[in-house]
Amino acid sequence: MKTYICIFFLCLLSCKEEKITNKSRFNLKNSDEIYKKISKIPDNQLTKIEIPEFIDLDTINGDNKTVNITIRNKGNRNLTSLTIKPPCSCNEVSKYDSVMLPNTSQTFSVNMKFDKIGNFYQGITVYGSFYPYIKKIYVEGYRKK
């Protein structure tokens, strides 16, 4: 039993999330706080966005890969409070604008790090004034070396 408890705590500590996201006041481990703030935005101020649901990196060599992601505001309202949370604090997100005008798009980069050789499947979370407040982008592939 003690072994399982030790393994559990090691898993929790293996991805320490203490970095602050770019242009954001939120600590990465406070995802609930981000959602609570965003979910207070009235429905009549929400917009529509277009982002990829899956990104297939196929086979990569090495322990990191930069992924470029484009977000497009398809709605008639401004996209506000845009926050991008990588799957782990070891992944870095480039600077991005937290406000987007209607019918505009922007591209941001996430420098993904993969510690283990083999298949990977990680999610990048996007928060903002769009319905349903949270969207996930899943990055998948295989690390060869």
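Residue 118 is where the sequence shown starts when you use my numbering, and the numbers rise one by one after that.
Beta carbons are placed, not taken as given, at the ideal position from N, Cα and C, and that holds for glycine.
In the structure shown, what three-state DSSP assignment does residue i receive?
| i | result |
| --- | --- |
| residue 161 | helix |
| residue 211 | coil |
| residue 75 | Here the chain has residues from 118 to 262 only, and residue 75 is not among them. |
| residue 196 | strand |
What does the Cβ neighbour count give for residue i, buried or exposed, with the cut at 16 atoms within 10 Å?
| i | result |
| --- | --- |
| residue 179 | exposed |
| residue 202 | buried |
| residue 253 | exposed |
| residue 219 | exposed |
| residue 138 | At residue 138, the pLDDT of 42 sits below 50, so the modelled position is not reliable; the number obtained from the coordinates is stated separately. Residue 138 should be labelled buried. |
| residue 213 | buried |
| residue 155 | buried |
So the alpha helix (DSSP H) residue i belongs to, where does it begin and stop?
| i | result |
| --- | --- |
| residue 87 | Summary: the structure shown does not reach residue 87, with the chain confined to residues 118 through 262, and so no result is reported for it. |
Within its chain, find whatever has a CB closer than 6 Å to the CB of residue i; leave out the 5 residues flanking it on each side and keep chain order.
| i | result |
| --- | --- |
| residue 211 | 225, 226 |
| residue 207 | 230 |
| residue 222 | 187, 189 |
| residue 255 | 171, 240 |
| residue 140 | Bear in mind that the predicted position of residue 140 carries a pLDDT of just 44, short of 50, making it unreliable; the figure below should be weighed with that in mind. Cβ within range, chain order: 215. |
| residue 248 | 163 |
| residue 191 | 165, 167 |
Would you kindly check if the distance between the Cβ of residue j and the Cβ of residue i is under 9 Å?
| i | j | result |
| --- | --- | --- |
| residue 166 | residue 245 | yes |
| residue 228 | residue 259 | no |
| residue 174 | residue 257 | yes |
The beta strand (DSSP E) with residue i in it runs from where to where?
| i | result |
| --- | --- |
| residue 258 | 251-260 |
| residue 185 | 181-190 |
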